[in-house]
Amino acid sequence: MERTLFLVKPDAMQRGLAGEIIGRLERRGLKIVGMKLLQMDRALAEQHYAEHRGKPFFEGLVAFITSAPVIAIAWEGKNAIGTVRATIGSTDPAAAAPGTIRADLGLEKGRNLVHASDGPESAARELALFFAPGELVGWQRDVDGWVIE
Ligand code: IDP
Ligand code: MG
């Protein structure tokens, strides 16, 4: 089982697409183990996007991500990191595969609706930025890893 950090970004929130987006990931079988609505401040945005500091789009990205509330979600499931990335599609919605969240709901790289961690190290780092360990819940699983209903 893996966990990954996911954000419904301000553009998706403004457009009323949070339910649609979260529903798609729920229906894949991923489980929510943490969720909060928050407005990111500049310090959190700069930490979250630290790898992009210095790039031409960095200032715009920080201004955008702090411009309205976001929903932060910790998803848990088998290969959760790769599964969420595959479900959202590539960074540029115009180039993303049809059927993915970014392709189906967006068109602009700078307004691509969602964030998802891109690997185990970034998932651990980003989860810690948004959630204290005690805030993440556990689902009861059987020996094969399936959630016990
Ligand atoms: P990712 O969100 O698919 O992981 P990254 O390369 O990590 O993509 O970039 C982080 C975010 O920065 C993107 O989701 C997008 O919102 C924004 N971004 C990336 N490249 C550009 C660009 O060339 N122009 C405008 N915004 C960009
Ligand atoms: Mg990224």
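Its first residue numbered 2, the sequence shown is counted upward by one per residue in this note's numbering. Where a beta carbon is used, it is the ideal one built from N, C-alpha and C, also for glycine. What you are looking at is a predicted structure, and each value in this text was computed from that prediction instead of being measured.
Just to confirm, is the Cβ distance from R103 to D119 under 9 Å?
no
Quick check: does the Cβ of L62 come within less than 8 Å of any heavy atom belonging to the ligand IDP?
Between the ligand IDP and L62, a heavy atom-to-CB distance of less than 8 Å is present.
Residue range of the alpha helix (DSSP H) that F59 falls in?
59 to 66
With G111 and F65 assumed to form a contact (beta carbons below 8 Å), what rounded beta-carbon distance in angstroms separates them?
7 Å
Cα-Cα, which of R28, A73, G20 is closest to L45?
A73
Please report the residue range of the alpha helix (DSSP H) in which I102 lies.
Counting along the chain, the alpha helix (DSSP H) containing I102 begins and ends at 102 to 106.
Specify the secondary structure class of T92 as computed by DSSP and reduced to three states.
coil
When you compare the CB positions of K10 and V63, do they come within less than 9 Å of one another, or not?
no
Once the 5 residues before and after I149 are set aside, which same chain residues still bring their CB inside 6 Å of it?
Q141, D143
Among residues of its own chain, excluding the 5 on either side of L1, which ones have a beta-carbon nearer than 8 Å to its beta-carbon?
The displayed coordinates of the chain run from 2 to 150. Any statement about residue 1 would go beyond what the structure contains.
Could you tell me which residues DSSP puts in a beta bridge with I72?
Beta-bridge pairing links I72 to V9, L38.
Give me the Cα-Cα distance between I33 and E27, rounded to the nearest whole angstrom.
8 Å
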